[in-house]
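Numbering (the working numbering), first residue to last: 7 to 75.
Glycine residues also receive a C-beta, built at the ideal position from the N, C-alpha and C atoms.
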Amino acid sequence: MTDAYICDAIRTPFGRYGGALASVRADDLAAIPIAALVARNAKVDWGALDDVIFGCANQAGETIATSPA
7 MTDAYICDAI RTPFGRYGGA LASVRADDLA AIPIAALVAR NAKVDWGALD DVIFGCANQA
67 GETIATSPA
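Pasting the structure below:
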């Protein structure tokens with residue numbers, strides 16, 4: 007990869023440890039902002055996309071940086 011582009015930014019909801027999002031898998035939660043970004047950036051050629059890199063970790067330590075797809 008030679009070029010990187012930031013087309014938009016969005017975040018997932020945040021909550022408390024053991025709260026309403028506790029039962030939501032990290033990869034399912036990651037799919038929500040990806041779908042929203044695709045929907046609100048219709049002019050982007052998403053077929054040309056090679057990688058999506060984002061991340062953080064939930065409080066249980068499960069990293070989502072490589073699992074959204």
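Continuous alpha helix (DSSP H) stretch holding residue i: start and end
{"i": "Val44", "result": "32 to 46"}
Pairwise C-alpha distance: residue j and residue i
{"i": "Leu43", "j": "Asp14", "result": "7 Å"}
{"i": "Tyr11", "j": "Asp51", "result": "12 Å"}
{"i": "Val58", "j": "Pro39", "result": "12 Å"}
Classification of residue i by the beta-carbon crowding that lies within 10 angstroms, buried from 16 upward
{"i": "Ala45", "result": "exposed"}
{"i": "Ala26", "result": "exposed"}
{"i": "Ala28", "result": "exposed"}
{"i": "Ala32", "result": "buried"}
CB-CB length for residue i against residue j, believed under 8 Å
{"i": "Ala35", "j": "Thr18", "result": "Just to set this straight, residue 35 is Leu in the shown sequence, not Ala. That pair is a contact at about 5 Å."}
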